[in-house]
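S.K.: Residue numbering for the sequence shown is 0 to 278, as defined by numbering that gives the first Met the number 0.
Even for Gly, the Cβ is constructed at its ideal location relative to N, Cα and C.
As the structure is a prediction and not an experimental result, all values here were calculated from the model.
The structure that follows is given in the form of structure tokens.
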Amino acid sequence: MTNSTKDYLAAMFDLSGQVAVVTGATGTLGGAMALGLARAGARLGILGRRAALVTDRVSAIEAAGGEAIPLVADVLKRDQLDSACQAVLDRWGRIDILINGAGGNAADGMVAVDGSFFDLSQDGMQRVIDLNLMGTLLPSQVFGNVMARQRTGCIINISSLSVPRAVSRVVAYGAAKAGAENFTRWLAIEMVRQYGPGIRVNAIAPGFFLAEMNRPFMVEDDGSFTPRGQAVVEHTPAGRFGDPDELVGAVIWLCSPSASFVNGAVIRIDGGFGAFSGV
Ligand SMILES: NC(=O)c1ccc[n+]([C@@H]2O[C@H](COP(=O)([O-])OP(=O)(O)OC[C@H]3O[C@@H](n4cnc5c(N)ncnc54)[C@H](OP(=O)(O)O)[C@@H]3O)[C@@H](O)[C@H]2O)c1
């Protein structure tokens, strides 16, 4: 590669000096996205509730030569998000990127194997809806407000293939992610109209990736797939689960100058799952 090619690519995708907050950065996908952003030059606020894991992720980024600070907070608690936001501003004075990576399912928010939709508890469904919908709205308010003042910034939400297609059992999760995807478009328009074209809001829609949240539903104790895990692989044309690092390129692109005209988009990263008819 010539130097001019390297310079050209660096100018398109380099995130040097940008300040990014990743919620759910203690998780599988959020952790990979945070490390990827750090490798691309961003300084990271690592947000999650589990303090020990937050510290581990900060150390991993520092070990890779990056800069990161711990933000122990619950995405459903406004006061904790406000404190986290202040900590980032105290350290770096700005916020350029927000990845709303916190989310997931809960056993009591989904229809049990051989269970019935009619037996689902209100509390269980509410928790899943709160985490995936309110847990995206609230951080967008808190950190997005800084972007509005700066008139520049990039927010990435996490949608799901359970939005365009019904995925069995995960009723509250699919509904909440549909809300988060709709919110992506709503906020994209609101930000650009109120605060100018320097702020963009997009989403990625990962296919199936083995993570803390879903592993017990996909993999047996002996490492073989559960019937559900097997069905996922069979319906994924790539024939496998995704690797969390396979999200990073799209995230860097969406945050970079090369995506300056990409707004309100949902980018599927799914090994073809969403494109496949099943036949
Ligand atoms: N894995 C997949 O196949 C897949 C597919 C499509 C979409 N997604 C979405 O991708 C995102 C990341 O999921 P993942 O697969 O990486 O799951 P994961 O490994 O379970 O990570 C989820 C993270 O969310 C954080 N979290 C949960 N509740 C929180 C709260 N109230 N406040 C702050 N953080 C909270 C957890 O951190 P703490 O416990 O430390 O707070 C956890 O580390 C989720 O939105 C998920 O719905 C996943």
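Name the DSSP beta bridge partners of Asn-201, please?
M.R.: Here residue 201 refers to the residue found at position 202 of the sequence shown. Within the DSSP bridge table, the entry for Asn-201 names Ile-155 as partners.
S.K.: By Cβ distance, which residues of its chain are closer than 6 Å to Pro-196, with the 5 residues on each side in sequence left out?
M.R.: Residue numbering aside, residue 196 sits at position 197 when the sequence shown is read from its first letter. Same-chain partners within the cutoff: there are none.
S.K.: Quickly, what does DSSP pair Val-232 with across the bridge? List them, please.
M.R.: Here residue 232 refers to the residue found at position 233 of the sequence shown. Val-232 is not bridged to any residue.
S.K.: Cβ atoms of Arg-150 and Ile-198: under 9 Å apart, would you say?
M.R.: Translated into the one-based positions of the sequence shown, residue 198 becomes position 199. Translated into the one-based positions of the sequence shown, residue 150 becomes position 151. Yes.
S.K.: Tell me, which residues are paired with Ala-19 by DSSP?
M.R.: One-based indexing of the sequence shown puts residue 19 at position 20. Leu-43, Ile-96.
S.K.: In angstroms, rounded to a whole number, what distance separates the CA positions of Thr-183 and Ser-158?
M.R.: Along the sequence shown, one-based indexing puts residue 183 at 184. Along the sequence shown, one-based indexing puts residue 158 at 159. Cα to Cα, the separation comes out at about 9 Å.
S.K.: Ala-67 and Ala-33 - do their beta-carbons sit closer together than 9 Å?
M.R.: Taking the sequence shown and counting its residues from 1, one reaches residue 33 at position 34. Taking the sequence shown and counting its residues from 1, one reaches residue 67 at position 68. Yes, the Cβ-Cβ distance between Ala-33 and Ala-67 is below 9 Å.
S.K.: Pull the bridge partners of Leu-69 from the DSSP assignment, please.
M.R.: Reading the sequence shown from its first residue, position 70 is the one you call residue 69. For clarity, residue 69 is Pro in the given sequence; the question names Leu instead. Answer is Ile-45, bridged to Pro-69.
S.K.: Tell me whether Thr-54 counts as near ligand 1, meaning its Cβ is closer than 8 Å to at least one heavy atom of that ligand.
M.R.: As a working mapping, residue 54 is identified with position 55 in the sequence shown. False, no ligand heavy atom lies under 8 Å from that Cβ.
S.K.: Which same chain residues end up closer than 7 Å to Leu-225 when comparing Cβ atoms and leaving out the 5 residues on each side of it in sequence?
M.R.: Within the sequence shown, numbered from 1, the residue matching residue 225 stands at position 226. As written in the sequence, residue 225 is Thr, which differs from the Leu given in the question. Once the five neighbours on either side are set aside, the close Cβ partners of Thr-225 are Phe-216, Met-217, Val-218, Glu-219.
S.K.: Arg-164 lies in the beta strand (DSSP E); which residues open and close that run?
M.R.: Taking the sequence shown and counting its residues from 1, the one referred to as residue 164 is at position 165. Neither: Arg-164 is in no beta strand (DSSP E) and is coded neither H nor E.
S.K.: Going by C-alpha distance, which of Asp-95, Ser-259, Ser-255 is nearest Val-145?
M.R.: Against the sequence shown, residue 145 aligns to sequence position 146. Per the Cα distances, Asp-95.
S.K.: Just confirm the distance between the C-beta atoms of Pro-243 and Phe-275, as a whole number of angstroms; I'd bet it's less than 8 Å.
M.R.: Working through the sequence shown from its first residue, we reach residue 243 at position 244. Working through the sequence shown from its first residue, we reach residue 275 at position 276. Contact flag wrong, Cβ pair sits at about 21 Å.
S.K.: The alpha helix (DSSP H) spanning Val-141 covers which residue range?
M.R.: Numbered from 1 along the sequence shown, position 142 holds the residue referred to as residue 141. 134 to 149 is the extent of the alpha helix (DSSP H) around Val-141.
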